[in-house]
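Written out below as structure tokens is the structure these notes cover.
Protein chains: 2
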Amino acid sequence: MSVPQLEELQLLHQNICQAVGDPKRIQILYALHEHPSNVTALAQALSMPQPTTSRHLAILRERGLVIAERNGTSIMYRIGETRIIEILDVMREMMRDWIGKQVIIME
Amino acid sequence: MSVPQLEELQLLHQNICQAVGDPKRIQILYALHEHPSNVTALAQALSMPQPTTSRHLAILRERGLVIAERNGTSIMYRIGETRIIEILDVMREMMRDWIGKQVIIME
DNA sequence: ATGATATATCCGCTTATCCGAATACATAAG
DNA sequence: CTTATGTATTCGGATAAGCGGATATATCAT
């Protein structure tokens, strides 16, 4: 893949990177990956206020990372981009490796 | 890979996600991937003030995403984690796909 | 239409992040 | 030791992000 133009990097940040730049949104992504859920159930499961959960879901939805599907009065949310979970998993491995190195250097 | 604990998600955000949460840092990562550089040259190439460049490099270095190597009075920076570039490339593809879908929906 | 449930949005506030300019620090040369 | 060059840090201020509580909107059942 070629080197991206500045404009594309702005879009990349605005659409994806910023979305995973909040720990609660990461938490939500993993929770929905485990199993889809509506807003209320998700909020309870993660011990987050409902408005907070709703706001984060809106951000993830705008960027296509999650998908909303209405079902009567409730709305079912699920992961819309499996690749984002794979990316987060790679990041976790990177972090493990880095923290491992750090400990060795400290000793 | 299993579902991460809350504590690990905090670390994930703090160590990796937050680091790529700034467009200038993404720009720096791609620039260094193209070819390693010292701070001054990088700042000029990206039209960023030197202190700004240095601050961003410090953040990326603390998290192992770039590596610093002193060479006389100047310090050579290069990518320390090739995987972060692969991740950014996948995100770019995700973005293309999503924007493509958006256009179709708009029509 | 009314009430009940689920979701989204608005408000003021706090906190975090980024910035440029100035300055301090580090290294090497004369 | 002084100078020159390259890098890092400090400072105050501006901007953006996230929050909880209250409220508005939407859908369905009675």
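Respectively, the protein sequence lines represent chains A and B. Count along the first sequence from 1, add 774, and you get the number used in our numbering. Count along the second sequence from 1, add 774, and you get the number used in our numbering. The beta carbon of each residue, even a glycine, is placed where N, CA and C say it ideally should be.
Taking the continuous beta strand (DSSP E) assigned at residue 821 of chain A, which residues delimit it? Segment: none, residue 821 of chain A is in no beta strand (DSSP E) and carries neither H nor E.
Closest by CA to residue 794 of chain A, which one among A:859, A:819, A:872 and A:823? Taking the Cα of residue 794 of chain A as reference, the smallest distance to any Cα among A:859, A:819, A:872 and A:823 is reached at A:859.
Are there 16 or more other CB atoms within 10 angstroms of the CB of residue 809 of chain A, so buried, or fewer, so exposed? exposed
With 16 as the cutoff for other CB atoms within 10 Å, does residue 832 of chain A come out buried or exposed? Taking every protein chain shown into account, the CB of residue 832 of chain A has fewer than 16 other CB atoms within 10 angstroms, so this residue is exposed.
Which one of B:780, B:863, B:876 and B:838 has the shortest CA to CA distance from residue 819 of chain A? B:780
Give a yes or no on whether the minimum CB-CB distance between residue 823 of chain B and chain A is below 8 Å. Chain A, which has no Cβ nearer than 8 Å to the Cβ of residue 823 of chain B, makes this no.
Endpoints, beta strand (DSSP E) assigned at residue 842 of chain A: 840-845
Evaluate residue 811 of chain A with the Cβ neighbour count: other Cβ atoms within 10 Å of its Cβ, from every protein chain shown; 16 or more gives buried, anything less gives exposed. The Cβ neighbour count for residue 811 of chain A, taken over all protein chains shown within 10 Å, is at least 16; the residue is labelled buried.
With DSSP run on the structure shown, which of helix, strand or coil describes residue 852 of chain B? strand
8 Å is my cut-off, CB to CB: does residue 818 of chain A come that close to chain B? no
Residue closest to residue 783 of chain B, alpha-carbon to alpha-carbon, out of A:856, A:798, A:857 and A:850: A:798
When you compare the CB of residue 837 of chain B with every CB in chain A, is at least one pair closer than 8 Å? yes
Determine the closest residue to residue 804 of chain A out of A:866, A:875, A:873 and A:871, with distance taken between C-alpha atoms. A:866
Determine which residues share a DSSP beta bridge with residue 828 of chain B and list them. Per DSSP, none; premise fails for residue 828 of chain B.
Distance cutoff 8 Å, beta carbons only. Does residue 778 of chain B sit that close to anything in chain A? yes
Mind checking which residues open and close the alpha helix (DSSP H) that includes residue 784 of chain B? 780-786
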